[in-house]
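Please read the structure below before turning to the comments.
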Amino acid sequence: MDSEKRQRYQTTMVSTYCSETSYLDYLVMQDGTEHFFGSDYLTKLHSGEVFVVNSRKRNGLILFKHYHAEFAGPGAAVGGDYDRDCQWVMPIGNLSLLTLESHEDRQKAYLIRRQWIRLIKQITENPVPRQRVQKILDQFEQYFPPEMVASLPDEAFALLVGVLPQTVGIVRLLGNELDDKIDY
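The sequence shown maps to residues 4 to 187 in our numbering.
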């Protein structure tokens, strides 16, 4: 590696220091404020009842599991045994959870949840972390207003696609300029 590439690499390095505080204790929003999320929704999810994210609204729920996060978008089932391991939740948009009336509605909601999981899985199959971040940001901006997506914390996107929160921050800051600055 020549000195020019080494210098370029060193200028984009980010600390991977992790404090003793878990990301589940709080999340730092883009505006710098700390927010605690989801105690009411988490109680609902742990009740054992199955709910569905209202498919008539632009809303969703990021479910923080032990080592990753999942997204349940409009029409997706949440709760029941499926989300007992959920440690924290982050509502997106004006979240509306509805109860399921019939077995058919429950099956349909589980199928939709599976589709949301498959979408995230397709994104995480990309071996390049910055491309995963850009893709998840693009997907969220298709469903939600850009200002809403911009307000979500880096940690949420990082746990959805398996990257460091610093990677999300760099992609958000530099966007497509990264392609011009990094040689592979």
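All C-beta atoms, glycine included, are put in the ideal place defined by N, C-alpha and C.
- With 16 or more neighbouring CB atoms inside 10 Å of its own CB, Pro-168 falls in the buried class.
- The DSSP-derived three-state label of Gly-78 is coil.
- For Phe-54, the enclosing beta strand (DSSP E) starts and ends at 53-56.
- When the Cα atoms are used, Leu-45 and Ile-95 turn out to be separated by approximately 14 angstroms.
- Secondary structure of Gly-178 (DSSP, three-state): coil.
- Assignment of beta-bridge partners to Pro-156 by DSSP yields no partner.
- Following the DSSP letters along the chain, one finds Pro-132 inside the alpha helix (DSSP H) bounded by residues 132-146.
- Glu-73 sits in a strand when the DSSP states are folded into three classes.
- Inclusion of Ala-159 and Ile-65 in the CB contact set at 8 angstroms is warranted, their separation being smaller than that value.
- Secondary structure at Val-166: coil, using DSSP grouped into helix, strand and coil.
- In the three-state scheme derived from DSSP, where H, G and I count as helix and E and B as strand, Leu-103 is classed as coil.
- Per DSSP, Leu-48 is one residue of the alpha helix (DSSP H) stretching across 42-48.
- DSSP places Gly-96 inside the beta strand (DSSP E), whose first and last residues are 91-96.
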